[in-house]
Amino acid sequence: MYRFLAQAEITKFSHRLGTAVVKTTVDSVLRDVRAGITRDAAAIPSFETLLERVTTRLTREDDDGLVPVMNGTGILLHTNLGRAPLATAAVEAMCELGTGYSNLEFDLEGGNRGSRYARVTSLLCATTGAPDALVVNNCAAAMLLILDTFAKNREVIVSRGELVEIGGGFRLPDVLARSGATLIEVGATNRTYLHDFERALTAHTALLLRSHASNFRIEGFTAGVASADLANLGHRAGVPTVEDLGSGALVDLAQFGLPHERTVSEAVADGISLVAFSGDKLLGGPQAGIIVGTASAVARLRANPLLRALRVDKGTIAGLAATLRLYLQPDGLQQIPLYGMLGTPLDHLRARAEALAETLRDHAIDVTALPLQGYVGGGSAPDAVLASYGLAVRSRRGAAHDAARLRTGPRRLVARIADGTVLIDLRTIRPLRDGDVASAVAALAA
Ligand SMILES: *Cc1c(COP(=O)(O)O)cnc(C)c1O
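With the numbering used here as the guide, the letters of the sequence shown map in order to residues 11 to 456.
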């Protein structure tokens with residue numbers, strides 16, 4: 011027991027979990043070993059083996075469920091892996107505000123109650139050109155708030171081509187139904203014209219709605235209504251227009267060689283009354299639902315008591331504000347990890363892949379550097395391929411076995427499998443973790 015407790019790696023666990031937990035764990039490992047020895051006297055493990063078993067169990071004890079993983083999938087916005095990684099500035103702001111008190115709802119000048127949204131609102135207006143803004147839990151909540159505020163017991167007109175289901179079971183028709191609105195579908199799956207909306211307008215029309223088709227694309231003989239035309243129709247009819255933008259790019263993705271993805275500013279400039287989007291997709295911030303729009307429409311949302319149930323905490327506001335500030339700084343964009351990864355030149359990725367393959371050459375495992383294809387993810391740019399580079403790993407045990415070991419090993423590397431090969435895309439892995447990639451792959455050979 012004392013020999014275990016004297017080990018540096020065990021001391022680390024004693025500090026985190028308490029000595030009692032460590033002692034119980036050592037006891038239980040030793041008990042298991044003794045039970046094994048009574049059956050087979052030759053099977054006495056070395057101290058190092060025992061120490062490894064103890065640390066493995068303690069690591070599991072220490073695990074609070076949610077742990078960091080390395081994303082080797084090449085999908086930048088992977089909803090299962092937590093979507094956008096945060097900028098250091100955002101994490102620092104969350105840390106600084108989270109560990110103490112803040113002026114969350116306090117006006118320091120007047121010494122009385124203030125608005126929790128004031129600071130982030132002005133940053134959203136500055137980055138999108140909208141007159142006003144509001145932040146809620148996520149984009150689904152944003153849509154719920156909008157529909158509940160404007161469309162209860164009234165009609166919402168939507169094109170048939172945009173009634174899609176996105177990941178996680180979010181379906182616009184279902185959210186509409188929950189909020190007590192009647193869905194008026196217009197046009198055909200592939201073609202909808204402005205006059206389809208025009209004809210559907212009645213005295214009961216509450217909103218004209220547009221939605222990003224997310225991971226879905228209709229190709230061929232198609233026609234959609236231009237956003238500015240829809241906004242114009244809304245103005246003429248006195249009906250607000252709403253756009254569920256989903257990903258909510260604040261910058262043009264074309265600068266990264268990707269197809270142009272409609273930006274929030276474009277939707278605002280088109281005259282859409284309310285634009286809703288996520289905080290943790292192309293914006294690159296914490297989970298949030300952001301609504302920008304006209305002062306009168308946002309004021310109605312702010313007056314809805316439902317907002318109280320959808321409000322965000324101080325950490326979200328701090329992280330979101332710090333992320334938005336980066337958009338206003340000259341070199342800020344590349345400090346947002348998503349754009350840092352998007353902007354990484356292919357030859358950098360190739361050099362890393364080749365160096366890793368070289369490092370792993372003498373190990374009893376087949377590793378090659380090769381070009382790969384990544385994706386933006388998060389429902390944006392669904393058919394845009396990101397040229398990338400990474401590793402292909404092959405072993406006798408097979409891809410499923412190796413991928414599982416990479417996931418459950420100490421580095422928790424999530425890789426892709428294609429054609430019976432494990433693929434590790436380096437675009438979604440920070441260069442300073444390349445040593446961990448090497449160790450994780452080398453461990454497969456052992
Ligand atoms: C992702 C997405 C949503 C949901 O956003 P959350 O922030 O995850 O709630 C809604 N609509 C569209 C079009 C999306 O792409």
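Cβ coordinates follow ideal geometry from the N, Cα and C atoms, glycine included. Note that the structure is a prediction, hence the values are computed from the model and not measured.
Cα-Cα separation, T418 to L76: So the two alpha carbons sit approximately 13 Å from each other.
Reduced DSSP category for R316 - H, G, I as helix; E, B as strand; rest coil: It is Leu, not Arg, that sits at residue 316 in the sequence shown. In the three-state scheme derived from DSSP, where H, G and I count as helix and E and B as strand, L316 is classed as coil.
Within this structure, are the beta carbons of V274 and F287 separated by less than 9 Å? Yes, Cβ-Cβ distance for V274 and F287 is below 9 Å.
Any heavy atom of ligand 1 closer than 8 Å to the Cβ of S38? No, ligand 1 has no heavy atom inside 8 Å of this Cβ.
Taking V36 as the reference, give the member of R123, L68, I54 and A45 with the closest Cα. Of the listed residues, the one whose Cα sits closest to V36 is L68.
Can you tell me which residues form a DSSP beta bridge with R123? In DSSP, R123 forms a bridge with F116.
Can you tell me whether F266 sits near ligand 1, meaning its C-beta is under 8 Å from at least one heavy atom of the ligand? At a threshold of 8 Å, F266 does not count as near ligand 1, since its beta carbon sits no closer than that to any of the ligand's heavy atoms.
Check each candidate in A191, F160, Y127 and L61 and name the one with the smallest Cα separation from K324. Of the candidates A191, F160, Y127 and L61, the one whose C-alpha sits nearest the C-alpha of K324 is Y127.
Go to F10, then tell me how far its alpha helix (DSSP H) extends in each direction, as first and last residue. Outside the shown range of the chain (11 to 456) lies residue 10, about which nothing can therefore be said.
Distance between R437 and L352 (C-alpha atoms, nearest Å): Taking the straight line from one Cα to the other gives about 8 Å.
According to DSSP, is M80 part of a helix, a strand, or is it coil? Here M80 carries a strand assignment [DSSP, helix/strand/coil].
Scan the region 215 to 299 and note each continuous alpha helix (DSSP H) run of 4 residues or more that stays entirely inside, going in chain order. Fully contained in the region 215 to 299 are the following alpha helix (DSSP H) runs of length 4 or more, in chain order: 237 to 247 and 274 to 279.
For A379, which option in V386, L366 and E106 has the closest C-alpha, if you only look at C-alpha atoms? For A379, the nearest C-alpha among the options comes from L366.
Report the rounded CA-to-CA distance for R371 versus Q383, giving the unit in angstroms. Taking the straight line from one Cα to the other gives about 24 Å.
Identified DSSP bridge partners for T431: BP columns for T431 point to A428.
Start-end ranges of the alpha helix (DSSP H) lying completely within the region 326 to 411, minimum 4 residues: 347 to 352 and 356 to 369, all fully within the region 326 to 411.
Please identify the residue among V101, E106, L87 and E253 whose C-alpha is closest to the C-alpha of A150. Restricting attention to V101, E106, L87 and E253, the CA atom closest to the CA of A150 is found in E253.
Residue burial classification, V395 (beta-carbon count within 10 angstroms, cutoff 16): Label assigned to V395: exposed.
Delimiting residues of the beta strand (DSSP E) encompassing V101: For V101, there is no enclosing beta strand (DSSP E); the enclosing alpha helix (DSSP H) has its first and last residue at T98 to G108.
So, under 8 Å CB-CB, L416 and A450 are touching, yes? Tell me the CB distance rounded to an integer number of Å. The beta-carbon separation of L416 and A450, rounded to 5 Å, stays under the 8 Å limit for a contact.
Taking A191 and I301 to be in contact with their CB atoms under 8 Å, please state how far apart those CB atoms are, rounded to whole angstroms. That pair is no contact at about 17 Å.
Near ligand 1: F180 beta-carbon under 8 Å from a heavy atom: The nearest non-hydrogen atom of ligand 1 is less than 8 Å from the C-beta of F180.
How would you call H222, buried or exposed, if buried means at least 16 neighbouring beta carbons within 10 angstroms? H222 is buried by the Cβ-count criterion.
What residues in its chain sit with their C-beta under 7 Å from that of H411, if we drop five residues either side in the sequence? Taking H411 as the centre and dropping the five residues before and after it, the same chain places no C-beta closer than 7 Å to its C-beta.
Over the uninterrupted beta strand (DSSP E) stretch that includes D142, give me the two end residues. Here the beta strand (DSSP E) through D142 covers D142 to V146.
Chain-order list of residues whose beta-carbon lies under 6 Å from that of L114 (same chain, five-residue window excluded): The beta carbon of L114 sits closer than 6 Å to those of R126 and K324, all from its chain and outside the five residues before and after it, given in chain order.
For L336 and A103, believed in contact at Cβ under 8 Å, the rounded distance: Between L336 and A103 the Cβ distance is about 11 Å, and since that is not below 8 Å, they are no contact.
Is there at least one non-hydrogen atom of ligand 1 closer than 8 Å to the beta-carbon of C149? In this structure, the C-beta of C149 approaches ligand 1 to less than 8 Å from one of its heavy atoms.
Say whether chain C places a C-beta atom closer than 9 Å to the C-beta of S38. Protein chain content of the structure displayed is limited to a single chain, and chain C is not contained in it.
Would V285 and N147 qualify as a contact pair, given that the criterion is a beta-carbon distance under 9 Å? No, Cβ-Cβ distance for V285 and N147 is not below 9 Å.
Quick one: does the C-beta of D254 sit closer than 8 Å to a heavy atom of ligand 1? Yes, Cβ of D254 sits closer than 8 Å to a heavy atom of ligand 1.
S189: CB within 8 Å of a non-hydrogen atom of ligand 1: Not so, every heavy atom of ligand 1 lies at least 8 Å from the Cβ.
Check whether the region 55 to 74 and the region 425 to 439 are in contact - that is, three or more C-beta pairs closer than 8 Å. No, they do not touch.
On the DSSP letters alone, give me the boundaries of the alpha helix (DSSP H) that E19 sits inside. Run containing E19: A18 to L27, per the alpha helix (DSSP H) assignment.
Please identify the residue among N242, L211, Y203 and A259 whose C-alpha is closest to the C-alpha of V235. Minimum Cα distance to V235 is reached at Y203.
With 16 as the cutoff for other CB atoms within 10 Å, does L118 come out buried or exposed? A residue is called buried when at least 16 other Cβ atoms come within 10 angstroms of its Cβ; L118 does not meet this threshold and is exposed.
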